[in-house]
Amino acid sequence: MGKEIELLNDNMKSAINDQINAELYSAYLYLSMAAYFENINFPGMATWMKAQAQEEVGHAMKFYGYVFDRDAKVELKAIDGPKTEWGSPLEVFQEAYEHEKKVTGLIHKLVDLANDEKDHATRSFLNWYVDEQVEEEASTKEIVDRLETVGDSKPGLFMLDRELGGRGTGGGE
Ligand code: OFO
-17 MGKEIELLND NMKSAINDQI NAELYSAYLY LSMAAYFENI NFPGMATWMK
33 AQAQEEVGHA MKFYGYVFDR DAKVELKAID GPKTEWGSPL EVFQEAYEHE
83 KKVTGLIHKL VDLANDEKDH ATRSFLNWYV DEQVEEEAST KEIVDRLETV
133 GDSKPGLFML DRELGGRGTG GGE
């Protein structure tokens, strides 16, 4: 005979607040990667990263709205400074891919916590993020694979940069 949990309990609230911070850190990291690409004259990759940073803000805001929907308090914490230099476009996207795998792990821990707390509403809400992480990993991995294929070929890098620049910065998820 489980009792229905109507509001976010303290454990869940604090874990979601941490995740808001992690999503905003992701935005900061991708914006730093965008700045790196601007500096080395890959404007298309910079555009791709800026769009990714916007997506991450969207992820944070979705959690932010959820905390209020459950009548709990958002508590923002300091965001760590991301690194600012990388050795090559490949290194950047490899790091982005590794970062997404880490974020997937964080989302899965939230799912585990929601299950432990019998918080069915949060468990259901998190499904969107579980699915989104599959896409986040796939899209960064695809670019890593393509950069590995292109290698040091300047025309290949130029073409990939142009293609990645086709990603809009108009927001969205
Ligand atoms: Fe929020 O998915 Fe990337 O980090």
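98 is the number that this note's numbering gives to position 116 of the sequence shown; each next residue is one higher, with no gaps.
Ideal placement from N, C-alpha and C gives every residue a C-beta, glycine not left out.
Which residues in the same chain have their Cβ closer than 7 Å to the Cβ of residue i, if we skip the five residues on either side of it in sequence?
i: lysine 83; result: Glu119
i: serine -4; result: none
i: isoleucine 89; result: Leu108, Tyr111, Val112, Gln115
i: lysine 136; result: none
i: tyrosine 46; result: Ile2, Val56
Would you mind working out which of the options sits nearest residue i, comparing C-alpha positions?
i: glycine 87; options: Asp101, Glu114, Asp53, Ser70; result: Glu114
i: glutamate 5; options: Gln36, Leu(-10), Ala28; result: Gln36
i: proline 71; options: His41, Leu95, Met31, Glu57; result: Met31
i: alanine 42; options: Asp53, Met15, Lys59; result: Lys59
i: tyrosine 7; options: Asn23, Pro25, Val39; result: Val39
i: aspartate 101; options: Pro25, Arg52, Arg149; result: Arg52
Given residue i, which residues of its chain have a CB within under 6 Å of its CB, disregarding the five upstream and five downstream residues?
i: lysine 123; result: Tyr79
i: alanine 54; result: Leu(-10), Lys(-5)
i: tyrosine 18; result: Trp68
Using a Cβ cut-off of 8 Å (strictly closer), state whether residue i contacts chain C.
i: glutamine 36; result: Going by chain labels, chain C is absent from the structure shown, which holds only one protein chain.
Looking at the secondary structure, which residues open and close the alpha helix (DSSP H) in which residue i lies?
i: arginine 52; result: It is not in any alpha helix (DSSP H) - arginine 52 carries neither H nor E in the DSSP assignment.
i: leucine 58; result: First-last for leucine 58: undefined, no H or E at that position.
i: lysine 91; result: 71 to 98
i: phenylalanine 19; result: -8 to 21
i: lysine 123; result: 102 to 132
Assuming residue i and residue j make a contact with CB atoms under 8 Å, what is their CB distance in whole Å?
i: alanine 28; j: alanine 16; result: 5 Å
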